[in-house]
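A short worksheet on the structure shown next.
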Amino acid sequence: MFLYLIRRILYAVPIALAVGLVCFMLVQIAPGDPINAIVPADAPAEVVEQVRRDYGLDKPLPVQFALWLGRVVQGDLGRSLATGRPVTADLRSAVGNTLMLALVAAFIGFFMGSILGTVAAVFRGTVLDKLAVGLAAAGVSIPHYWLGMVLVVLFSVTLNWLPAMGAGPGGSGDWRWDWAHVQFLVLPALTLSVIPMGIVTRTVRGVVMELLAQDFVTTLRGKGLRRGGIALHVVKNAAPSVLAVMGLQLGYLMGGSILVETVFSWPGTGFLLNSAIFQRDLPVLQGTILVLAIFFVVLNLAVDLVQTALDPRIRRA
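Sequential numbering of the sequence shown, starting at 13, is according to the working numbering.
And the structure:
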C-alpha cells in the first residue's frame with residue numbers, strides 16, 4: 013500500500029504542473045496585453061515599461077513561468093488588481109466558505125441519494141422505484157441557478173423563513189455554527205445538493221441491483237443470514253463505486269458553485285471568480301482557478317487511495 017501511495021503521488025505531480033502551466037497561460041492567451049489590466053490606459057510609456065519589468069513581463073515566457081511557479085510554491089499568488097490585497101488572503105476565506113458549502117451539499121446529496129437509490133433497487137419496478145428515478149432525473153436536469161431563484165422566491169420572499177443572500181447576519185464574515193449563521197447556508201446547500209443527489213441515486217440503484225443478483229447474496233440467503241447481515245455485505249461491496257462518484261462530485265461542487273454562490277451572494281470561490289471575471293482581475297482569476305484545479309487533483313488522489321484501501325483488487329489491477 014505504501015508503494016502504491018508513493019506511485020499515485022508521483023503520478024499526481026505532472027498533472028499538478030500541467031494545471032499550473034494552463035493557469036499561467038490564461039494570462040498570456042487573454043485578449044490584449046496583460047499590462048493593460050494593471051496600468052491605466054493613459055499611463056506614460058516609461059511607467060508601463062517599469063511595471064512590465066516589475067512584474068517580469070519583459071522576460072521570455074519559460075522564465076516567467078519558472079518565476080511564477082516559484083512564487084506559487086511559496087504561497088505567493090500576487091496581489092488583486094481591484095483591491096490591492098494579497099490573492100492568497102482573499103482565497104483563504106473564499107476556499108473555506110466554498111468547502112463548507114460543498115461539504116454540506118455533498119452530505120445532503122450523498123445521504124438522500126443513498127436512501128433513494130437503495131429503496132429504488134430493493135423495490136425495483138414499483139411506484140417507489142419510479143418515484144426515486146424521477147427525482148434523480150429531475151436532480152441532474154434542473155439548472156442550479158433556476159432552482160436557487162425558485163427557493164429564494166418561495167422561502168425568502170413569500171414565506172420569509174430563510175435569508176436570501178450572504179453568509180451571516182449583517183454581512184459578517186465571522187462564521188459560527190449557530191442558527192443565526194446556519195440559516196444562511198440552508199438554501200444554497202439545498203440548491204447545490206440536487207445534482208449529487210441525482211447521480212448518487214442512479215449509482216447506488218445500479219450497484220445495489222447488480223449486487224443483489226450475484227451468487228454470493230444468494231449463498232448468504234441460503235445460509236440463513238438475516239437482511240441486516242446481507243445489507244452489510246452489499247454496502248461493503250458497493251462502497252468503492254459510490255465513494256468514487258461522490259469524491260468526483262465534491263470536486264465538481266467546489267468548481268461548479270459559481271452560479272449558486274452568485275445567486276445567494278455566498279462569499280466563496282465561485283463568487284470571487286465571478287467578480288474577478290467582471291473586473292478583469294487576472295491575478296485573482298489565475299489564483300482561484302489554480303487552487304480549485306489543485307484541490308480537484310488532490311481530492312481525486314485521496315478518493316483513489318480510500319477506494320483502494322476498501323477494495324484491494326484495484327491495487328492489483
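Heads up, the beta-carbon is just placed ideally off N, CA and C, and yes, glycines get one too.
Exercise for the section: May I have the straight-line CA-CA distance separating glutamate 273 from threonine 170, to the nearest angstrom? Expected result: On the sequence shown, residue 273 is found 261 positions in, with the first residue counted as 1. On the sequence shown, residue 170 is found 158 positions in, with the first residue counted as 1. Near 21 angstroms, if we compare the C-alpha coordinates of threonine 170 and glutamate 273.
Exercise for the section: Taking the CB atoms as reference points, tell me whether leucine 89 and aspartate 293 lie closer together than 8 angstroms. Expected result: Taking the first residue of the sequence shown as 1, we reach residue 89 at position 77. Taking the first residue of the sequence shown as 1, we reach residue 293 at position 281. Between leucine 89 and aspartate 293, the C-beta spacing is not below 8 angstroms.
Exercise for the section: Determine the direct distance from the alpha carbon of alanine 101 to that of threonine 95, and round the result to whole angstroms. Expected result: By one-based count along the sequence shown, residue 95 stands at place 83. By one-based count along the sequence shown, residue 101 stands at place 89. In a straight line, the C-alpha of threonine 95 is about 11 angstroms away from that of alanine 101.
Problem - Residue span of the alpha helix (DSSP H) that contains tyrosine 157, given as start and end - result: Here residue 157 corresponds to residue number 145 of the sequence shown, with the count starting at 1. Unbroken alpha helix (DSSP H) run through tyrosine 157: 156-163.
Problem - Straight-line Cα distance separating threonine 110 from glycine 282 - result: Locating residue 282 in the sequence shown gives position 270, counting from the first residue. Locating residue 110 in the sequence shown gives position 98, counting from the first residue. CA-to-CA, the gap between glycine 282 and threonine 110 works out to about 8 angstroms.
Handout entry: Nonlocal neighbours in the same chain, by C-beta distance under 6 angstroms from glycine 210, ignoring five residues either side
Key = As a first step, residue 210 is located in the sequence shown; it is residue number 198 there, counting from the start. Only Ala148, Gly151 and Val152 meet the Cβ criterion.
Handout entry: Limits of the unbroken alpha helix (DSSP H) element including glutamine 261
Key = Within the sequence shown, residue 261 is the residue found at index 249, counting from 1. Counting along the chain, the alpha helix (DSSP H) containing glutamine 261 begins and ends at 239-267.
Problem - Span of the alpha helix (DSSP H), counted from its first residue to its last, around threonine 274 - result: For the purposes of this step, residue 274 is identified with residue 262 of the sequence shown, where counting begins at 1. Threonine 274 -> alpha helix (DSSP H) spans 270-275.
Exercise for the section: Could you check the C-alpha separation between phenylalanine 337 and asparagine 286 for me, to the nearest Å? Expected result: Any answer about residue 337 is impossible in this case: the structure gives the chain only from 13 up to 329.
Exercise for the section: May I ask which residues mark the beginning and end of the alpha helix (DSSP H) holding arginine 83? Expected result: Translated into the one-based positions of the sequence shown, residue 83 becomes position 71. Taken as a continuous stretch (DSSP letters only), the alpha helix (DSSP H) holding arginine 83 covers 73-85.
Practice task
Grab the span of the alpha helix (DSSP H) containing proline 200 for me, first residue to last.
Solution key: Stepping through the sequence shown from its first residue, residue 200 is reached at position 188. It spans 191-224 - the alpha helix (DSSP H) in which proline 200 sits, taken as one unbroken run.
Exercise for the section: With DSSP as the reference, label arginine 12 as helix, strand or coil. Expected result: Limits of the chain in this structure are 13 at one end and 329 at the other, which puts residue 12 out of reach.
Handout entry: Within 8 angstroms, strictly: CB atoms of alanine 132 and arginine 217
Key = Numbered from its first residue, the sequence shown carries residue 132 at position 120. Numbered from its first residue, the sequence shown carries residue 217 at position 205. In contact: alanine 132 and arginine 217 (Cβ atoms closer than 8 angstroms).
Problem - Per-residue DSSP class, three states only, for arginine 91 - result: Counting from one through the sequence shown, the residue named residue 91 turns up at place 79. Note: arginine 91 maps to strand in three-state DSSP.
Practice task
Could you work out which residue in Leu204, Leu223, Ile207 and Ser253 is closest to isoleucine 242 when comparing CA atoms only?
Solution key: Here residue 242 is taken as the residue at index 230 of the sequence shown, counted from 1. With distances taken between Cα atoms, isoleucine 242 lies closest to Leu223.
Problem - Contact belief for valine 246 with valine 220 at Cβ below 8 angstroms, rounded distance in angstroms - result: On the sequence shown, position 234 is the one that residue 246 refers to. On the sequence shown, position 208 is the one that residue 220 refers to. Right, the Cβ-Cβ distance comes to about 6 angstroms (below 8 angstroms), so this counts as a contact.
Handout entry: Span separating the alpha-carbon of tyrosine 157 from that of isoleucine 289
Key = Within the sequence shown, the letter at position 145 stands for residue 157. Within the sequence shown, the letter at position 277 stands for residue 289. Pairing tyrosine 157 with isoleucine 289, the inter-Cα distance amounts to about 18 angstroms.
Practice task
Please confirm if leucine 163 has its CB atom under 8 angstroms from at least one CB of chain C.
Solution key: The displayed structure is made up of one protein chain only, and chain C is not part of it.
Exercise for the section: Could you check if arginine 239 is buried or exposed, using at least 16 other CB atoms within 10 Å of its CB as the buried criterion? Expected result: Counted from its first residue, the sequence shown places residue 239 at position 227. Under this definition arginine 239 is an exposed residue.
Handout entry: Three CB pairs or more closer than 8 angstroms across the segment 298-310 and the segment 135-145
Key = Counting C-beta pairs closer than 8 angstroms gives fewer than three between the segment 298-310 and the segment 135-145, which falls short of the contact rule.
Exercise for the section: Can you say whether arginine 214 is buried or exposed, counting buried as having 16 or more other CB atoms within 10 angstroms of its CB? Expected result: Your numbering for residue 214 matches position 202 in the sequence shown. Buried, since its Cβ has 16 or more Cβ neighbours within 10 Å.
Exercise for the section: Look up methionine 112 in the DSSP assignment and say whether it is helix, strand or coil. Expected result: Residue mapping note: residue 112 aligns to position 100 of the sequence shown, counting from 1. Helix, per DSSP.
Practice task
Would you tell me roughly how many angstroms separate the C-alpha atoms of tryptophan 80 and leucine 304, rounded to the nearest one?
Solution key: Locating residue 80 in the sequence shown gives position 68, where the first residue counts as 1. Locating residue 304 in the sequence shown gives position 292, where the first residue counts as 1. Pairing tryptophan 80 with leucine 304, the inter-Cα distance amounts to about 17 angstroms.
Handout entry: Of the listed residues Leu33, Pro279 and His193, nearest to isoleucine 301 (C-alpha basis)
Key = For the purposes of this step, residue 301 is taken as residue 289 along the sequence shown, with counting starting at 1. Out of Leu33, Pro279 and His193, Leu33 has the C-alpha closest to the C-alpha of isoleucine 301.
Handout entry: With 16 other Cβ atoms within 10 Å as the buried cut-off, status of methionine 124
Key = As a position in the sequence shown, residue 124 is number 112, starting the count at 1. So methionine 124 ends up on the buried side.
Exercise for the section: Give the DSSP-derived three-state secondary structure of phenylalanine 135 in the structure shown. Expected result: For the purposes of this step, residue 135 is taken as the residue at position 123 of the sequence shown. Phenylalanine 135 falls in the coil class under three-state DSSP.
Handout entry: Beta carbon of valine 107 nearer than 8 angstroms to that of glycine 299
Key = Position 95 of the sequence shown, counting from 1, holds the residue named residue 107. Position 287 of the sequence shown, counting from 1, holds the residue named residue 299. No. Outside cutoff.
Practice task
Drop a sphere of 10 angstroms on the beta-carbon of tryptophan 173, count the other beta-carbons inside from all chains shown, and report buried for 16 or more, exposed for fewer.
Solution key: To locate residue 173, count along the sequence shown from 1; it is residue 161. Counting C-beta atoms within 10 angstroms of its own C-beta, tryptophan 173 has fewer than 16 neighbours from the protein chains shown and is therefore classed as exposed.
Problem - Beta carbon of proline 208 nearer than 8 angstroms to that of glycine 121 - result: By 1-based counting over the sequence shown, the position of residue 208 is 196. By 1-based counting over the sequence shown, the position of residue 121 is 109. Yes, these two residues count as a Cβ contact at 8 angstroms.
Handout entry: Whole-number beta carbon distance between proline 155 and phenylalanine 276, since they are thought to touch under 8 angstroms
Key = Counting from 1 along the sequence shown, the entry for residue 276 is found at position 264. Counting from 1 along the sequence shown, the entry for residue 155 is found at position 143. In this structure phenylalanine 276 is not in contact with proline 155, their Cβ atoms being roughly 15 angstroms apart against a cut-off of 8 angstroms.
Exercise for the section: Determine the closest residue to proline 295 out of Pro181, Ala321, His193 and Arg91, with distance taken between C-alpha atoms. Expected result: Here residue 295 refers to the residue found at position 283 of the sequence shown. For proline 295, the closest alpha carbon among the candidates Pro181, Ala321, His193 and Arg91 is that of Arg91.
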